[in-house]
Structure formats: C-alpha cells, structure tokens
Amino acid sequence: MKSIAFFNNKGGVGKTTFTYHLGFALETLKKRILFVDLDPQCNLTAHLCDEETINDAWAPNGNSIYKAVEPIVTGAGDMQSAIPYKVPDRNIWVFIGDLLLSDFDGELSNAWTQILAGQERGFRVTSSIYRLINEFAEQNKIDYILIDLGPNLGSLNRAILLGCDNFIIPMIPDLFSLRGSQNLGRVLADWISNYGNAKQRVGNLTFATPNGKPIFSGYVLQQFNVYRTRKTKAYQNWGEQIPTYIEQYVINPLTAVDRNLSLNLANFQVAEFKNYHSLVPLAQESLKPIFELTNQDGVIGTHYQYVDNCRNEFRDIANYLTTIIQ
C-alpha cells in the first residue's frame, strides 16, 4: 500500500483531472484504489459521484470525510469512523470531500502548536485523517491511496503531506507555475524537520502516527498547447526551465534534511499529458475517465482518436508509476 498526494501551491494546473485518470488507469492494472478528496473545491468528488450521493454524504448522518473529524471540531471527542463511497462495479473507493473541512483547519493549526510543545493531543488531532485513511486501506487491501489537495500551504495540507508516503507536483509550463514552486521545498523541509524533532521528544504514543517523511516523486507536466505535434514556443520555454526550478527549490531543501526524501529520477518528470479540452466536460458529466467515453457519452468523429490517445497515455503513465512507487 502506498499513499500519494498530488499537490501544488498554485491552482489551475490540472491536478484533479490527472489524479482521477491515473486512479482509473491503475485500476485497469488490477490495483485497488482509494481516492481521498481534501481539496475544498471537491472537484474529485464531483468527478466520481452524482449529486444525490454527495448530498447524502453531506447530510447530518452522512459519510463525508468531514464527518470523521467533526467530533474533534465540536470538542465531542476523537475521530469517528466514516465509510468511503464505492464506485459501482469497480475496485475504486473515494472519501467524499466536504467544504466544511475548512472548519478543521483551525483545529489543526492549534494542534501544530501542541506538537511543537511535545503534547500528545497535537499528534492525535494531526494524525486523525491519516489514521482514518490507513485503517480503511489496510482492511480493504488497497494498493494505492491517491490524495487530492488544495493549492495552499495551510494546516490541513501540512497534516496530510506529513502523513503520505509520496507526493507528486502537477505543473503547467508557465511563469506562475514556476513561481508557485519556489517556496514548496523550503516550507516542506521546515515542516518535516520540526515534526521529526517533536516526535522524538514526545516518546511512544498509543495510536498510529505518520513518520513525517513524504518522498518527492517527480512532477507532472500538463495542459500544454500543441501545434503540428510540437509544443508552442512560449510553453516550451517555460517547460524547459522546470527541472532547474524543481532541483533548486524542491529537491535541494528536502534532501538537506534527509537525502532519502526524493526519488532519483532523470529530469524529475514522471508524466506528461495533454489538455483534452472539450472531452473533459463530457467525462465529468458521464462520471467516466476520458479513455472510457463512447458515442453514448457524446463522442463523435475525431474525438475517438483523442479517447484512444488518452487511454494509451495513462496506461503508460500508470505502468511507469508502479515501477517507481512500490
């Protein structure tokens, strides 16, 4: 079992679309997949569930991921059980996201202060979602946990990144995506170092806590324009700068803390996938990945070639990721 968080400090980089398609591609390789939607926009949930399912999960007795931590927010107690939604006829589950998770952010901020002071409650609160996810994954023999995070460096993302095995940075080749990468490694290295020191001071705990050492596992380049099979010059210019930024601003700060906090990858890129434009809304409406769309979902003419291209792309990406993240 491996947990992989998809995270960038900048939004609009195709993070959710990539995570969703990767999960379905891995499932076609006979892997059991658990999605965890922790982006406040809940786009991954909307990809996987119809409105009735989401509404039921958000009801007072529902099973959204917020319901699991609600007792902590209200002061009623520790985390409670929540059951993820199972996609019909697939070995795919999802912990349904919830806009109310923002209420949990304040608790996690206080918990971080308690962690730095060596107090047990801080570790208990911070590890709550980690414990929820891993308990279900172990009981149901999940192979890959894919976690969709919002574009910020807040308390929720800190708790999740410290609890995942690996993280991947989706990027697009533009100035803003490069700029958004400049504080990632520094902030993560600070979190990892402070958490590790605090965990050593607190001693043995009676509940599971993460080791706090997420491994950088490459970046994904996406949403580029293509003209006659070549990337447009502007995107190509920014794209060529990404490996330098990744090495300087992500890998160097992390490996200064622990040399094992990054996979050894050529150019640090693990995948590249195209923007399929008009097929994305069709996939969202059909609750299917692009590579499973048919004429009944609105696919016509040249769309069939794009569907085939998407299938081939994600098959190759999924096969490659299973070799580097085991």
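Per numbering that gives the first Met the number 0, the sequence shown starts with residue 0, numbered consecutively. Just so it is clear, CB atoms sit at the ideal spot from N, CA and C, and this is done for glycine as well.
How far does the beta strand (DSSP E) with residue i in it reach, from first residue to last?
{"i": "G217", "result": "I214 to Q221"}
Could you spell out where the alpha helix (DSSP H) holding residue i opens and where it closes?
{"i": "I91", "result": "It is not in any alpha helix (DSSP H) - I91 instead sits in the beta strand (DSSP E) that spans I91 to F94."}
{"i": "Q304", "result": "H302 to I323"}
{"i": "E134", "result": "S127 to Q138"}
{"i": "F206", "result": "It is not in any alpha helix (DSSP H) - F206 carries neither H nor E in the DSSP assignment."}
{"i": "L43", "result": "N42 to L47"}
{"i": "I53", "result": "E50 to W57"}
Under the three-state reduction of DSSP, which class applies to residue i: helix, strand or coil?
{"i": "N7", "result": "coil"}
{"i": "P288", "result": "coil"}
{"i": "F166", "result": "strand"}
{"i": "A333", "result": "With the chain covering 0 to 325 only, the question about residue 333 has no answer from this structure."}
{"i": "V269", "result": "strand"}
{"i": "Y275", "result": "coil"}
{"i": "S2", "result": "strand"}
{"i": "A116", "result": "coil"}
{"i": "Q283", "result": "helix"}
{"i": "R31", "result": "coil"}
{"i": "D327", "result": "With the chain represented from 0 up to 325, any question about residue 327 goes unanswered, as that position is not in the structure."}
{"i": "T293", "result": "coil"}
{"i": "Q247", "result": "helix"}
{"i": "L183", "result": "helix"}
{"i": "N60", "result": "coil"}
{"i": "P359", "result": "No information on residue 359 is available, as it lies outside the stretch 0 to 325 that the chain covers here."}
{"i": "V124", "result": "helix"}
{"i": "G153", "result": "coil"}
{"i": "I159", "result": "helix"}
{"i": "I191", "result": "helix"}
{"i": "V346", "result": "No answer is possible for residue 346: it lies beyond the span of the chain, which begins at 0 and ends at 325."}
Here's the rule I'm using: 16 or more other beta-carbon atoms within 10 Å means buried, otherwise exposed. How should residue i be labelled?
{"i": "R227", "result": "Because the pLDDT of R227 is 46, which lies under 50, any placement of that residue in the model is unreliable, and the number read from its coordinates should be weighed accordingly. Under this definition R227 is an exposed residue."}
{"i": "E26", "result": "buried"}
{"i": "P252", "result": "buried"}
{"i": "K85", "result": "exposed"}
{"i": "Y275", "result": "buried"}
{"i": "A58", "result": "exposed"}
{"i": "K140", "result": "exposed"}
{"i": "N259", "result": "exposed"}
{"i": "Y218", "result": "buried"}
{"i": "Q138", "result": "exposed"}
{"i": "P209", "result": "buried"}
{"i": "A207", "result": "exposed"}
{"i": "T18", "result": "buried"}
{"i": "R200", "result": "exposed"}
{"i": "P280", "result": "exposed"}
{"i": "K29", "result": "exposed"}
{"i": "Y65", "result": "buried"}
{"i": "Q221", "result": "buried"}
{"i": "G149", "result": "buried"}
May I ask you to list the residues that DSSP assigns as paired with residue i?
{"i": "D36", "result": "D147"}
{"i": "K14", "result": "K14 is not bridged to any residue."}
{"i": "Y84", "result": "V93"}
{"i": "S261", "result": "F215"}
Residue i CB to nearest chain B CB: under 7 Å?
{"i": "H276", "result": "You won't find chain B in this structure, because it holds only one protein chain."}
Given 8 Å, three or more beta-carbon pairs between the region 296 to 304 and the region 11 to 19: no
Does the contact criterion of 3 or more C-beta pairs under 8 Å hold for the region 150 to 164 versus the region 182 to 198? With the cut-off at 8 Å, the region 150 to 164 and the region 182 to 198 touch.
The region 232 to 249 contacting the region 275 to 286, beta-carbon criterion three pairs below 8 Å: no
Three or more beta-carbon pairs under 8 Å between the region 264 to 275 and the region 32 to 42, yes or no? Judged by Cβ distances under 8 Å, the region 264 to 275 makes no contact with the region 32 to 42, as fewer than three pairs qualify.
Looking at C-beta atoms only, is the number of pairs between the region 111 to 121 and the region 78 to 92 that lie closer than 8 Å three or more? Proximity of the region 111 to 121 to the region 78 to 92 falls short of the contact definition, fewer than three beta-carbon pairs being nearer than 8 Å.
Three CB pairs or more closer than 8 Å across the region 65 to 75 and the region 175 to 191: no
Should the region 142 to 156 be called in touch with the region 1 to 12, which here means at least 3 C-beta pairs below 8 Å? yes
Is it true that the region 45 to 52 meets the region 160 to 173, where meeting means three or more beta-carbon pairs spaced less than 8 Å apart? no
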